[in-house]
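*Asks:*
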DNA sequence: CGGGTGTTTGACCGTTGTCAAAGCGAGTGG
DNA sequence: CCACTCGCTTTGACAACGGTCAAACACCCG
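Residue numbers (my numbering), protein chains in the order written: chain A, 46 to 283; chain B, 46 to 283.
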């Protein structure tokens, strides 16, 4: 089978204009996955997809569900580095290493498409631009991490929670879901860990925002009542 | 043009065993730079190598000197995302994007080797494994970011400063410099920003460590007097 | 129904941020 | 050569945000 024009034919490493929008890029890969009949794997809530130190078998494309990514220190400290949903690639950080650097745990019944390492070359051959796409996804992940480092390092507790809710809202919208009705898949402790806050502080922040009528909170269900005001609250001096 | 065996003949993207050690990998690129006679550029202390939003021209390999990387928010908040020295690549985060996502400022008289985007394809052709190397560097950067997110999110002020000093010490050693005699190139404010601390807190942490005879501080010069104890202090409960 | 997990709220405390002032060093110009 | 300035650093006093500890509550699931 000869090379198929799955990706735009681009001459240089920088030629990732095809993936200007991260969201669109994700769906390009999904289209590819359909064509290649990738192996699918179901992951139940709480189940571990991979763990740090485990030899890297594959990249995983989240097709449905939600995942929590976290890293650990030798002495047991843990840090949630992010949450992933439909369209996100898991395991990218292990490229060029022997093993995964993070732990991926499903927060809900999920399904991933498996891109075995052994097939990546094959995929790259069949899909021009695949390598550039991976590169772009890696760079995108770095910028996302930096953005969160900025938020966590410069925002107050309440603002961090708002930033998280708005980010989740944007991602929901990009996937075609309601941007104002959010279902948190993680516990307060997991969210707090990600935002570098204690779980009680997350609870209190949500309570304060609800009292200010900016959001409504019912257990894990959060409604954004005033997205404009929420966005404004990030700009005002802490 | 048909597919050429440009890369080491490996069945998968994981075939980056050539760059197992990040340090060795960096020097591989330096050797490559010598062969290709890459353009060199001097950057004076305080000078900006690139800024966020600027169209991406090139990757830069730090040949000598020190750089500070930082990102900014729309409303003026700033976050130092890291410090780079000899052997590090700058601008990786812009791959697949149109423009740089961070600002790179020299902290000292520096020299970088320029890898223009337009030449990346050429380089990749001439240097088997170059793409895999870039991929590995990107993944490495992600793991490094996650590691700092862990440290900053779970360590006390003093511990964060210790973690920074030990990291700097390791990097110095890897470059063949003294691992115990460190010259900080950045201000207390820049270091504090990176560690998500105020500059006064950095000062106090350094003073406390000096008083405990773990280090000695003379302006920007820091000596590690008891690396073992320093390393132990990271494990003990905050 | 009962146990367990996750959440909420309160009270209190401590680490770190904030504000202020003084000290220090390097570079500059008189 | 000295005085001056400017940026950076250090130290102190105080405040506050968020952490810690504790208890009660809600919900889910067996």
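For each residue, glycine too, the CB sits at the ideal point set by N, CA and C.
These numbers come from a predicted model, not from an experiment.
Return the chain-ordered list of same chain residues with a C-beta closer than 6 Å to the C-beta of residue 150 (chain A), the five sequence neighbours on each side being excluded.
*Replies:* The answer, listed in chain order, is 93, 113.
*Asks:* Is residue 119 (chain A) buried or exposed, if buried means 16 or more other CB atoms sit within 10 Å of its CB?
*Replies:* So residue 119 (chain A) ends up on the exposed side.
*Asks:* Under the DSSP definition of a beta bridge, which residues are partnered with residue 193 (chain B)?
*Replies:* Answer by DSSP bridge pairing: none, since residue 193 (chain B) is not bridged.
*Asks:* Pop quiz: residue 270 (chain A) and residue 211 (chain A) are said to be a contact at Cβ under 8 Å. What is the actual Cβ separation, rounded to whole angstroms?
*Replies:* The Cβ separation is near 13 Å, so there is no contact.
*Asks:* Residues of chain A with a CB under 7 Å from the CB of residue 122 (chain B): which are they?
*Replies:* Neighbours of residue 122 (chain B) on chain A, chain order: 195, 199.
*Asks:* Regarding residue 227 (chain B) and the ligand PLP, is the C-beta to nearest heavy atom distance less than 6 Å?
*Replies:* In terms of ligand content, the structure shown is empty, and the ligand PLP therefore cannot be addressed.
*Asks:* Does the Cβ-Cβ distance between residue 246 (chain A) and residue 233 (chain A) come in under 7 Å?
*Replies:* Result no, Cβ atoms of residue 246 (chain A) and residue 233 (chain A) do not sit closer than 7 Å.
*Asks:* Measuring alpha carbon to alpha carbon, tell me which of A:159, A:204, A:231 ends up nearest residue 266 (chain A).
*Replies:* When each option's Cα is compared against that of residue 266 (chain A), the closest is A:231.
*Asks:* Do the segment 173-180 of chain A and the segment 213-231 of chain A touch if we need at least three Cβ pairs shorter than 8 Å?
*Replies:* No, because fewer than three Cβ pairs between the segment 173-180 of chain A and the segment 213-231 of chain A fall closer than 8 Å, the two stretches do not touch.
*Asks:* Excluding the 5 residues flanking residue 98 (chain B) on each side, which residues of the same chain have their C-beta closer than 6 Å to its C-beta?
*Replies:* Only 144 meet the Cβ criterion.
*Asks:* Alpha carbon to alpha carbon, how far is residue 111 (chain B) from residue 264 (chain B)? Give it in angstroms, no decimals.
*Replies:* Distance between the alpha carbons of residue 264 (chain B) and residue 111 (chain B): 18 Å.
*Asks:* Indicate the three-state DSSP secondary structure (helix, strand or coil) for residue 177 (chain A) in the structure shown.
*Replies:* Three-state DSSP puts residue 177 (chain A) in a helix.
*Asks:* Taking C-beta to C-beta, are residue 187 (chain B) and residue 156 (chain A) nearer than 7 Å?
*Replies:* No, these two residues do not count as a Cβ contact at 7 Å.
*Asks:* At the level of alpha carbons, what is the spacing between residue 115 (chain A) and residue 125 (chain A)?
*Replies:* Cα to Cα, residue 115 (chain A) sits roughly 4 Å from residue 125 (chain A).
*Asks:* When DSSP labels each residue in this structure, what does residue 154 (chain A) get in the three-state scheme?
*Replies:* Note: residue 154 (chain A) maps to coil in three-state DSSP.
*Asks:* Pull the bridge partners of residue 117 (chain A) from the DSSP assignment, please.
*Replies:* Partner(s): A:123.
*Asks:* For the segment 126-144 of chain B, list every residue whose C-beta sits within 8 Å of some C-beta in chain A, in sequence order.
*Replies:* Within the segment 126-144 of chain B, the residues whose Cβ lies closer than 8 Å to some Cβ of chain A are 126, 137, 138, 139, 140, 141, 142, 143, listed in chain order.
*Asks:* For residue 168 (chain A), which residues in the same chain have their Cβ closer than 8 Å to its Cβ, ignoring the five residues on either side in sequence?
*Replies:* Correct list, in chain order: 77, 81, 160, 175.
*Asks:* Within 10 angstroms of its Cβ, does residue 103 (chain B) collect 16 or more other Cβ (buried), or is it exposed?
*Replies:* Buried.
*Asks:* Find the residues of chain B that neighbour residue 192 (chain A), judging by a C-beta separation of less than 8 Å, and give them in chain order.
*Replies:* Result: 116.
*Asks:* Run through chain A and tell me which residues come within less than 9 Å of residue 241 (chain B), C-beta to C-beta.
*Replies:* Within chain A, the residues near residue 241 (chain B) are 194, 197, 198, 199, 241.
*Asks:* Between which two residues does the alpha helix (DSSP H) carrying residue 202 (chain A) extend?
*Replies:* Run containing residue 202 (chain A): 202-219, per the alpha helix (DSSP H) assignment.
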